[in-house]
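**Student:** Before I ask anything, let me first share the structure, which is written out below as structure tokens.
Protein chains: 2
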Amino acid sequence: MHIDIQWVPFPPSLEILSKKTVVVIDVLRATSVIIEALSQGAIEVIPVTTVEEAARLVKTFPRGSTLLGGERGSRKIQGFDFGNSPKEYTAERVNGKRLILTTTNGTKAFHSVAAAEDVLVGSLLNGTAVAERSLQLDRDVLIFPSGDEGAFSLEDVVCGGMLIDLMAKKSHTSNGLTDASSSARILYQRFEGSLLEALRLSGHGKDLDALGLGEDLFYCARTDVTDLVPTFRENVIRAS
Amino acid sequence: MHIDIQWVPFPPSLEILSKKTVVVIDVLRATSVIIEALSQGAIEVIPVTTVEEAARLVKTFPRGSTLLGGERGSRKIQGFDFGNSPKEYTAERVNGKRLILTTTNGTKAFHSVAAAEDVLVGSLLNGTAVAERSLQLDRDVLIFPSGDEGAFSLEDVVCGGMLIDLMAKKSHTSNGLTDASSSARILYQRFEGSLLEALRLSGHGKDLDALGLGEDLFYCARTDVTDLVPTFRENVIRAS
Numbered sequence: 001m002h003i004d005i006q007w008v009p010f011p012p013s014l015e016i017l018s019k020k021t022v023v024v025i026d027v028l029r030a031t032s033v034i035i036e037a038l039s040q041g042a043i044e045v046i047p048v049t050t051v052e053e054a055a056r057l058v059k060t061f062p063r064g065s066t067l068l069g070g071e072r073g074s075r076k077i078q079g080f081d082f083g084n085s086p087k088e089y090t091a092e093r094v095n096g097k098r099l100i101l102t103t104t105n106g107t108k109a110f111h112s113v114a115a116a117e118d119v120l121v122g123s124l125l126n127g128t129a130v131a132e133r134s135l136q137l138d139r140d141v142l143i144f145p146s147g148d149e150g151a152f153s154l155e156d157v158v159c160g161g162m163l164i165d166l167m168a169k170k171s172h173t174s175n176g177l178t179d180a181s182s183s184a185r186i187l188y189q190r191f192e193g194s195l196l197e198a199l200r201l202s203g204h205g206k207d208l209d210a211l212g213l214g215e216d217l218f219y220c221a222r223t224d225v226t227d228l229v230p231t232f233r234e235n236v237i238r239a240s
Numbered sequence: 241m242h243i244d245i246q247w248v249p250f251p252p253s254l255e256i257l258s259k260k261t262v263v264v265i266d267v268l269r270a271t272s273v274i275i276e277a278l279s280q281g282a283i284e285v286i287p288v289t290t291v292e293e294a295a296r297l298v299k300t301f302p303r304g305s306t307l308l309g310g311e312r313g314s315r316k317i318q319g320f321d322f323g324n325s326p327k328e329y330t331a332e333r334v335n336g337k338r339l340i341l342t343t344t345n346g347t348k349a350f351h352s353v354a355a356a357e358d359v360l361v362g363s364l365l366n367g368t369a370v371a372e373r374s375l376q377l378d379r380d381v382l383i384f385p386s387g388d389e390g391a392f393s394l395e396d397v398v399c400g401g402m403l404i405d406l407m408a409k410k411s412h413t414s415n416g417l418t419d420a421s422s423s424a425r426i427l428y429q430r431f432e433g434s435l436l437e438a439l440r441l442s443g444h445g446k447d448l449d450a451l452g453l454g455e456d457l458f459y460c461a462r463t464d465v466t467d468l469v470p471t472f473r474e475n476v477i478r479a480s
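Chains as they are written, first to last, in our numbering: chain A, 1 to 240; chain B, 241 to 480.
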């Protein structure tokens with residue numbers, strides 16, 4: 001079983017995706033939001049790439065059944081029900097509802113890796129659970145950090161490194177690690193004692209802080225608050 | 241002044257390269273070979289992408305003036321004068337000669353970044369000198385690890401991290417660092433006490449060792465053995 005991580009979020013080839021388990025990560029903030037919304041009782045999340053697609057799609061569902069969430073430039077989109085802060089997604093607001101989500105990086109990432117055998121949703125919030133599920137599936141794993149507008153994003157690779165560290169420890173071997181996954185593991189180990197520090201050091205974390213969204217960093221830096229491992233299949237993310 | 245590093249060696253866009261200083265790194269072994277050959281008195285190195293191109297080009301120069309070096313599958317190419325081990329490039333053999341070099345990763349990398357304002361040749365052998373030259377040129381820097389057949393290569397990113405660490409220390413600021421360059425610096429710091437360990441841990445280092453070329457790892461892990469900063473311009477690499 002090989003465990004690899006793609007440091008930069010360009011779409012992988014079909015050959016790379018074939019027969020793999022892919023874990024999509026967007027710590028700040030899309031995968032944290034998805035995990036939070038489903039934990040709070042949302043029935044499903046549909047990730048779409050454009051605001052127009054979200055606006056069109058919501059009209060195809062019964063009124064009141066479906067909510068719109070997401071961001072552009074890290075800010076809530078006009079006319080949407082939610083921005084991209086996990087704390088907005090309370091049980092009171094999302095329980096029993098469908099969520100259509102569009103964000104700059106994270107929601108695109110799902111469509112880039114849709115051809116994989118399994119696509120799991122990972123973040124710090126469900127790290128141990130997603131590492132265990134990846135091992136259970138017993139296929140080669142590709143961790144896919146969503147990055148920051150096409151570039152490398154520190155917090156996503158640190159989260160990927162945490163999953164790699166957990167998988168290597170649980171399987172009692174680091175034989176299946178590539179140069180990329182060994183390096184992500186080293187990067188995680190640097191921040192193991194304070195994951196919040198990685199989020200604060202990252203370019204995207206600094207941007208959020210400057211926009212007054214610093215509280216989201218605390219929220220997204222928490223580890224193992226849920227055992228939920230959402231999966232993306234046929235364009236929809238569900239709790240299992 | 242921004243200092244960035246591209247972790248995965250896909251060709252950067254013209255927009256990314258424009259007005260930048262690019263440092264190409266292939267620790268194992270192309271840039272180590274280029275620096276060694278020029279240090280030993282070779283007049284210039286012409287990096288080409290294919291064996292056929294090398295064979296065709298050598299015929300256009302006066303007989304005896306030009307040597308052929310490089311590898312495929314890490315092994316010397318049939319009919320070539322040299323493989324890709326730096327130690328082969330002694331003054332006795334290369335002084336006053338032109339070298340045509342073709343390797344799997346490194347020589348391709350130069351052509352991927354040819355549109356940059358300056359293209360410098362970096363390795364552990366000339367780390368401090370190349371960091372200083374990059375600062376003197378006073379333009380944004382992109383470090384370009386050649387990688388391993390399109391994938392991430394540990395030893396090249398560790399070397400890039402060393403250059404980033406040196407530049408940050410010499411300029412007394414880490415303000416210009418991106419998530420990618422901060423992470424490469426952290427990776428370098430993990431191996432600072434033993435760069436040879438990084439070369440041995442890397443997939444490509446293990447392959448070379450298995451082929452009986454382990455001595456090259458010692459050779460390429462040495463730091464600051466020369467002040468030479470070769471530059472690539474109009475398809476040719478020269479000492480300055």
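We put the CB at the ideal spot given by N, CA and C, even for glycine.
Closer than 7 Å, Cβ to any Cβ of chain B: which residues of the region 176-207 of chain A, in chain order?
**Tutor:** Answer in chain order: THR178, ASP179, ALA180, SER182, SER183, ILE186, LEU187, ARG190, LEU201, SER202, GLY203.
**Student:** Check the DSSP bridge columns for B:GLY310 and list the partner residues they point to.
**Tutor:** B:THR342.
**Student:** In this structure, does DSSP put A:LYS20 in helix, strand or coil?
**Tutor:** In the structure shown, A:LYS20 sits in coil (DSSP, three-state: anything other than H, G, I, E or B).
**Student:** Can you check whether the C-beta of A:SER153 is within less than 9 Å of a C-beta belonging to chain B?
**Tutor:** Closer than 9 Å to some Cβ of chain B, the Cβ of A:SER153 qualifies, so yes.
**Student:** From this set, B:SER480, B:THR418, B:ALA277, B:VAL288, which residue's C-alpha is nearest B:PHE350's C-alpha?
**Tutor:** Taking only the C-alpha atoms, the option nearest B:PHE350 is B:VAL288.
**Student:** Could you give the first and the last residue of the continuous alpha helix (DSSP H) run that contains A:PHE191?
**Tutor:** Run containing A:PHE191: 179-191, per the alpha helix (DSSP H) assignment.
**Student:** For the candidate residues A:VAL27, A:GLY212, A:HIS2, whose alpha-carbon lies nearest to that of A:THR103?
**Tutor:** Per the Cα distances, A:VAL27.
**Student:** Name, please, each residue of chain D whose Cβ falls closer than 7 Å to the Cβ of A:VAL8.
**Tutor:** Note that chain D does not occur in the displayed structure, where the protein chains are A and B.
**Student:** Look at the alpha carbon of B:GLU395 and the alpha carbon of B:LEU439, and state the distance between them as a whole number of angstroms.
**Tutor:** Answer to the nearest angstrom: the Cα atoms are 5 Å apart.
**Student:** I'd like to know whether the C-beta of A:VAL33 is nearer than 9 Å to at least one C-beta of chain B.
**Tutor:** With 9 Å as the cut-off, A:VAL33 does not count as an interface residue toward chain B.
**Student:** Taking just the CA atoms, how far does A:ASP165 sit from A:GLY69?
**Tutor:** The alpha-carbon atoms of A:GLY69 and A:ASP165 are separated by roughly 32 Å.
**Student:** Where B:PRO385 and B:SER325 are concerned, what is the direct C-alpha to C-alpha distance, given to the nearest angstrom?
**Tutor:** Distance between the alpha carbons of B:PRO385 and B:SER325: 19 Å.
**Student:** Rounded C-beta distance between B:ASP374 and B:ILE275? I'm assuming under 8 Å.
**Tutor:** The sequence shown places Ser at residue 374 of chain B, rather than the Asp named in the question. Not really, about 15 Å apart at Cβ, beyond 8 Å.
**Student:** Let me know the secondary structure DSSP gives A:LYS76 once reduced to three states.
**Tutor:** Strand.
**Student:** Closest to B:PRO251 by C-alpha separation, out of B:LYS348, B:SER314, B:CYS460, would be which residue?
**Tutor:** Among B:LYS348, B:SER314, B:CYS460, the Cα nearest to that of B:PRO251 belongs to B:LYS348.
**Student:** For chain A, check one thing: does any of its Cβ atoms lie closer than 9 Å to the Cβ of B:ASP380?
**Tutor:** By this cut-off, B:ASP380 is not an interface position.
**Student:** For B:PHE392, which option in A:GLU197, A:ALA180, A:HIS2 has the closest C-alpha, if you only look at C-alpha atoms?
**Tutor:** The shortest C-alpha separation from B:PHE392 is found at A:ALA180.
**Student:** Our contact map puts B:THR463 next to B:GLY367 with C-beta atoms below 8 Å; I'd like the distance itself, whole angstroms only.
**Tutor:** Indeed they touch by this definition, with Cβ atoms about 6 Å apart.
**Student:** Got a sec: is the Cβ-Cβ distance from B:ASP388 to anything in chain A below 9 Å?
**Tutor:** So, interface residue.
**Student:** Tell me whether the beta-carbon of B:LEU403 lies closer than 9 Å to the beta-carbon of B:ILE256.
**Tutor:** Cβ distance not < 9 Å, so B:LEU403 and B:ILE256 don't count as in contact.
**Student:** How long is the line joining the alpha carbons of B:ALA450 and A:PHE80, rounded to whole angstroms?
**Tutor:** Taking the straight line from one Cα to the other gives about 58 Å.
**Student:** Can you pull out the residues from the region 152-173 of chain A whose beta carbon lies closer than 7 Å to at least one beta carbon of chain B?
**Tutor:** Taking 7 Å as the Cβ-Cβ cut-off against chain B, the residues of the region 152-173 of chain A that qualify are PHE152, SER153, LEU154, VAL157.
**Student:** Applying the 10 Å Cβ sphere with the 16-neighbour rule, what's the burial state of B:LEU254?
**Tutor:** With fewer than 16 other Cβ atoms within 10 Å, it is exposed.
**Student:** Assign A:SER32 to buried or exposed, taking buried as 16 or more other Cβ atoms, counted over all protein chains shown, within 10 Å of its Cβ.
**Tutor:** With 16 or more other Cβ atoms within 10 Å, it is buried.
**Student:** Who are the Cβ neighbours of A:SER3 in its own chain at under 7 Å, not counting the five residues just before and after it?
**Tutor:** Just to set this straight, residue 3 of chain A is Ile in the shown sequence, not Ser. Counting only Cβ-Cβ distances below 7 Å, and skipping sequence neighbours, we find VAL141, ILE164, MET167, GLY176, LEU177, SER181.
**Student:** Cutting at 6 Å between CB atoms, please list the residues of its own chain near B:ARG307, excluding the five before and the five after it.
**Tutor:** Note that residue 307 of chain B is Leu in the sequence shown here, rather than Arg. Around B:LEU307: ASP321, LYS337, LEU339.
**Student:** Less than 6 Å between C-beta atoms, sequence neighbours within five positions excluded: which residues of the same chain meet that for B:ALA568?
**Tutor:** Not covered by the structure: residue 568 of chain B. The range shown for chain B is 241 to 480.
**Student:** Compute the Euclidean distance between the alpha carbons of B:GLY400 and A:PHE232, then round it to the nearest angstrom.
**Tutor:** Rounded to the nearest angstrom, the two C-alpha atoms are 36 Å apart.
**Student:** Counting only the same chain and skipping the five closest in sequence on each side, list residues whose C-beta sits under 7 Å from that of A:LEU38.
**Tutor:** If we look at A:LEU38 and ignore the five residues flanking it on each side, its Cβ neighbours are VAL45, LEU228, PRO230, ALA239.
**Student:** What does DSSP give as the partner residue(s) for A:PHE232 in the beta ladder?
**Tutor:** Answer by DSSP bridge pairing, in chain order: A:ILE237.
**Student:** When the distance is taken between beta carbons, is B:GLY387 closer than 9 Å to B:PRO302?
**Tutor:** Cβ distance not < 9 Å, so B:PRO302 and B:GLY387 don't count as in contact.
**Student:** Taking DSSP as the reference, what is the three-state secondary structure of B:LEU254?
**Tutor:** Helix.
**Student:** Looking only at its chain, what residues have a beta carbon closer than 6 Å to the beta carbon of A:GLY265, apart from the 5 residues adjacent to it on each side?
**Tutor:** Absent from the model: residue 265 of chain A. The displayed extent of chain A is 1 to 240, so no value can be given.
**Student:** Could you tell me if B:ASN335 is buried or exposed, where buried requires 16 or more neighbouring beta carbons within 10 angstroms of its beta carbon?
**Tutor:** Exposed, because fewer than 16 other Cβ atoms sit within 10 Å of the Cβ of B:ASN335.
**Student:** Give me the Cα-Cα distance between A:LEU195 and A:ARG29, rounded to the nearest whole angstrom.
**Tutor:** C-alpha separation (whole angstroms): 15 Å.
**Student:** Should B:GLY390 be labelled buried (16 or more other beta-carbon atoms within 10 Å of its own) or exposed?
**Tutor:** Flag for B:GLY390 reads exposed.
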